[in-house]
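K.L.:
Just so we're aligned: 191 in numbering that gives the first Met the number 0 is position 192 of the sequence shown, and the numbers increase by one with no gaps anywhere. Think of the CB as a built atom: it goes at the ideal place given N, C-alpha and C, for glycine as much as any other residue. Treat the numbers as computed from the prediction; the structure is a model and nothing was measured.
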Amino acid sequence: MKKTKEIKEFVRSRRNITNHHLLPSWVDEPKSECCEWERVTCNSTTGHVTQLSLHNIRGLQLDSYNYSLIDVVWFLNVSLFESFPELKSLNLSLNGIGGWIENEGSISLLRLKKLERLDLHSNRFNCSTIQSLRLFKSLKTLSLLDNYLEGSFPAKEFKSLSKLSKLKHLDLGGNQFDKEILRSLGALLALTSLKLDYNFIESTLYDQDLASLRSLEVLNLANNHF
0 MKKTKEIKEF VRSRRNITNH HLLPSWVDEP KSECCEWERV TCNSTTGHVT QLSLHNIRGL
60 QLDSYNYSLI DVVWFLNVSL FESFPELKSL NLSLNGIGGW IENEGSISLL RLKKLERLDL
120 HSNRFNCSTI QSLRLFKSLK TLSLLDNYLE GSFPAKEFKS LSKLSKLKHL DLGGNQFDKE
180 ILRSLGALLA LTSLKLDYNF IESTLYDQDL ASLRSLEVLN LANNHF
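1. Check E201 in the structure and name its three-state DSSP category.
2. For S43, which three-state DSSP category applies?
3. Answer with buried or exposed for R213, where buried requires no fewer than 16 other C-beta atoms within 10 angstroms of its C-beta.
4. Looking at C-beta atoms only, is the number of pairs between the stretch 160–178 and the stretch 194–213 that lie closer than 8 Å three or more?
5. Would you list, in sequence order, the uninterrupted beta strand (DSSP E) runs of no fewer than 3 residues that lie entirely inside the stretch 138–224?
6. Hey, W99 and L114: beta-carbon distance below 7 Å or not?
7. To the nearest angstrom, report how far apart L148 and N125 are at their CA atoms.
8. Extract the residue ranges of the beta strand (DSSP E) inside the stretch 84–116, only unbroken runs of 3 or more that lie entirely within it.
9. Are G173 and L144 touching if we call contact CB-CB under 7 Å?
10. Take the Cβ of L188 as the centre, count every other Cβ of all protein chains shown within 10 Å, and call the residue buried at 16 or more, exposed below.
11. At what residues does the alpha helix (DSSP H) containing S131 begin and finish?
12. Can you tell me the Cβ-Cβ gap for R116 and K162, rounded? I've got them flagged as a contact below 8 Å.
13. Can you name, in chain order, every residue of its own chain whose Cβ lies under 6 Å from the Cβ of V217, other than the five neighbours on each side?
14. Under 7 Å between the Cβ atoms of D118 and N90?
15. Could you pull out every residue in the same chain whose Cβ sits closer than 6 Å to the Cβ of Y64, ignoring the five residues on either side in sequence?
16. Given a cut-off of 7 Å, decide if S92 and H120 are closer than it, judged by their beta-carbon atoms.
17. Suppose the cutoff is 6 Å on Cβ atoms and the five residues either side in sequence are ignored; what does the same chain contact list for T40 look like?
18. Could you please give the first and the last residue of the uninterrupted beta strand (DSSP E) stretch that includes S52?
19. L75 lies in the beta strand (DSSP E); which residues open and close that run?
Next up, the structure:
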């Protein structure tokens, strides 16, 4: 498939020049089928790709609690994933991604109708990218851990996520949010787990701050500023 070849070229272009061992079956074995590649899981019956684990494809040496991605930020062409409409799990963590390439985002995201798990931790996503996540209507688990998101954050950005009616697990730890973020998350009624540890949430929390999240079972607010 054309897109399969493109994503193979993408990995070749992105892997760190000092890490030639990274994803060898993607890069060094031209005749291999994608279901034989490492970090790829396929449905044993249909052969469709259901999981892609493309974490740290540049082979960066990053400490998850002490690093800077400022000098390595780049933008991803998500049309590369159009060949995988059955994709249920996508891990793009630890890559320094700043967002999607303009005009290559929303339409391509709409084709990933079955995506349930998306791991974007340790990147540098921007506001417009956060808004685009609303297109993943089947999403159940989302991690935006350590993305340098800060302040009260424009309410419309997170309110747009209210369309994720199936979202159960949301990790926003390791950012710089204040208390206002709780109001922006109130429409995520299916949430059972919310992580907001290592942020800048101050003062006392009141019942009304979380009143609408009636399915919530796990709330992590460790290492804030109470």
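P.N.:
So, from the data block:
1. E201 falls in the strand class under three-state DSSP.
2. coil
3. Classification of R213: exposed, given that the 10 Å Cβ count is below 16.
4. yes
5. 140–142, 168–170, 192–194 and 217–219
6. no
7. Looking at the backbone, the Cα of L148 and that of N125 are separated by about 8 Å.
8. Here the runs fully enclosed are 88–90 and 96–99.
9. yes
10. exposed
11. C126 to S131
12. Actually they are not in contact, since the Cβ atoms of R116 and K162 sit about 17 Å apart, beyond 8 Å.
13. S192
14. yes
15. No answer about Y64 holds up, because its pLDDT of 45 lies below 50 and its placement is not dependable.
16. yes
17. T49 and Q50
18. V48 to S52
19. W73 to L75
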